[in-house]
Amino acid sequence: MGEELCQNGCGRYRGKADNGKLFLTCCKSCAYLKRERGVCGHDIACDIRANGAVSPPWYWKAAVQWPERFHEEVGGEYVKQMGTKIIQKRLPDRLVVRCERIEDAILWDRYAAKRAQIRERAVAIEDFKPETMEAVGYSASSTLDHSVNEVWLLHGTSEEAAKAIANSNFQSSSGGCFGGGAYFADDANKSNQYAKGRTGDGCKIMLLCRVTLGAVKKLPPGQDREADRFASDPSVNSVLGFTDQREFVVYDMAQIYPEYIMYYKEDETEPT
């Protein structure tokens, strides 16, 4: 039995090739991360094989506590740099001064369960190429489930709303260009328009969220304020609309995990 376990000591079974030959590790991510960073970590395919991908991402500090309940808000230089790259893609004069990763067991369990439900339906895979993916590192991108069109998207909001979302998730808006729902963009300039107010130190707030889009209904260009009619269509999990930029709208809040709160403001560094 021990010979069938990953040689990195993560406790998972070794991966298997199509011809039945066993690999030395459970997945390529585990091999790469052990070699490069001295840690065990897993990609989404490995998570699905091991437990249906209900476990939280390996890079969470609180992941070792799962399946116990936990809620932690974790900062760090890495997540701050990642946030800055994402925002500066469209807002080059902005700087993320701090970034917190939300690690919440209850929100994650709800999200993972909904993601698994959509996975069972085998939806059509879309290639949206969200701009956020250009700045997200290997650790985060390899944990996305592309079979359910899981992506990283942005949501501008207020500090008060961000804190509420981090503890209880989103609430559907009453209306918008595409009806009620939760709105996201992959363009930081678009989300910046909805970042309301400033913190005591002058920051605006933008969330970077995991969103399982599932089966996507693509709308023709222009507004459709009754697009939330698709919320009752079992064959649709989200809509993609286009005004001045792309907007992604979901109706079931369980399809969203608010993973990062980014605090950003104008870069006041003197040019050299």
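So that you can map any letter, position 176 of the sequence shown is 212 in the working numbering, and since no number is skipped, the others follow by simple counting.
Think of the CB as a built atom: it goes at the ideal place given N, C-alpha and C, for glycine as much as any other residue.
Relative to the C-alpha of Glu-109, which candidate in Arg-50, Asn-203, Ser-183, Val-184 has its C-alpha closest?
Asn-203
(message) I believe Val-247 touches Val-187 by the beta-carbon criterion, under 8 Å. Please report the beta-carbon distance rounded to the nearest angstrom.
(response) 6 Å
| request: Count the C-beta pairs between the region 282 to 297 and the region 146 to 154 that are closer than 8 Å, then say yes if the count reaches three, no if not. | output: yes
*asked:* Just checking: is the beta-carbon of Arg-246 within a distance shorter than 8 Å of some beta-carbon in chain D?
replied: No chain D is present in this structure, which holds just one protein chain.
**Study point:** Proximity of Tyr-300 and Leu-243 at Cβ, strictly below 8 Å
**Key:** no
Q. Curious, which full-length beta strand (DSSP E) runs of at least 3 residues does the region 100 to 160 contain?
A. 107 to 110, 130 to 140
Task: Enclosing alpha helix (DSSP H) for Lys-69 [first to last residue] - done: Contrary to the premise, residue 69 reads as Leu rather than Lys in this sequence. Start and end: 64 to 73.
Discussion item. Measuring straight from C-alpha to C-alpha, what distance separates Cys-237 and Gly-111?
Written reply: Strictly speaking, residue 237 in this sequence is Asp, with Cys absent from that position. Taking the straight line from one Cα to the other gives about 17 Å.
Looking at the unbroken alpha helix (DSSP H) that takes in Ser-227, where does it start and where does it end? 224 to 228
- [ ] Between the Cα of Gln-259 and those of Val-272, Cys-245, Gln-101, Glu-283, spot the shortest distance and give me the residue it belongs to.
- [x] Glu-283
Self-check item: Limits of the unbroken beta strand (DSSP E) element including Lys-301
Solution: 292 to 302
At what residues does the alpha helix (DSSP H) containing Glu-195 begin and finish? 195 to 204
**Request:** Go ahead and pull the three-state DSSP assignment for Val-172.
**Result:** coil
Q. Can Leu-190 and Ala-221 be called in contact, C-beta distance under 8 Å?
A. yes
As assigned by DSSP and simplified to three states, the class of Ser-271
coil
Apply the 10 Å Cβ neighbour rule to Lys-116 and answer buried if 16 or more other Cβ atoms are within range, or exposed otherwise.
buried
Taking the alpha carbon of Ala-231 as the reference point, which residue from Ala-218, Ala-263, Gly-192 has its own alpha carbon closest? Gly-192
Problem set entry | The alpha helix (DSSP H) enclosing Ala-81, as first and last residue numbers | 80 to 87
Handout entry: Burial state of Val-75, where buried means 16 or more other Cβ atoms lie within 10 Å
Key = exposed
Per DSSP, what kind of secondary structure is Glu-262 in: helix, strand or coil? coil
- Task: For my contact list, Pro-93 and Thr-179 are in at a C-beta cut-off of 8 Å; report their separation, rounded to the angstrom.
- Result: 5 Å
### Query
Between the C-alpha atoms of Val-286 and Glu-139, what's the straight-line distance to the nearest angstrom?
22 Å
| Can you tell me the Cα-Cα spacing of Arg-73 and Cys-66, whole angstroms? | 10 Å
Quiz item: In whole angstroms, what is the alpha-carbon distance linking Ser-310 and Tyr-95?
Solution: The requested residue 310 does not occur in the structure, where the chain is confined to residues 37 to 308.
**Study point:** Nearest-angstrom beta carbon gap, Ala-86 and Ile-80 [assumed within contact, 8 Å]
**Key:** Rounded, the Cβ-Cβ distance is 11 Å, inconsistent with contact.
- Query: Of the residues Asn-55, Glu-162, Ala-197, Lys-240, which one's Cα is nearest the Cα of Ala-224?
  - Reply: Lys-240
Margin query: I'd like to confirm the pairing. Which residues does DSSP put opposite Glu-283 in its beta bridges?
Written below: Gly-277
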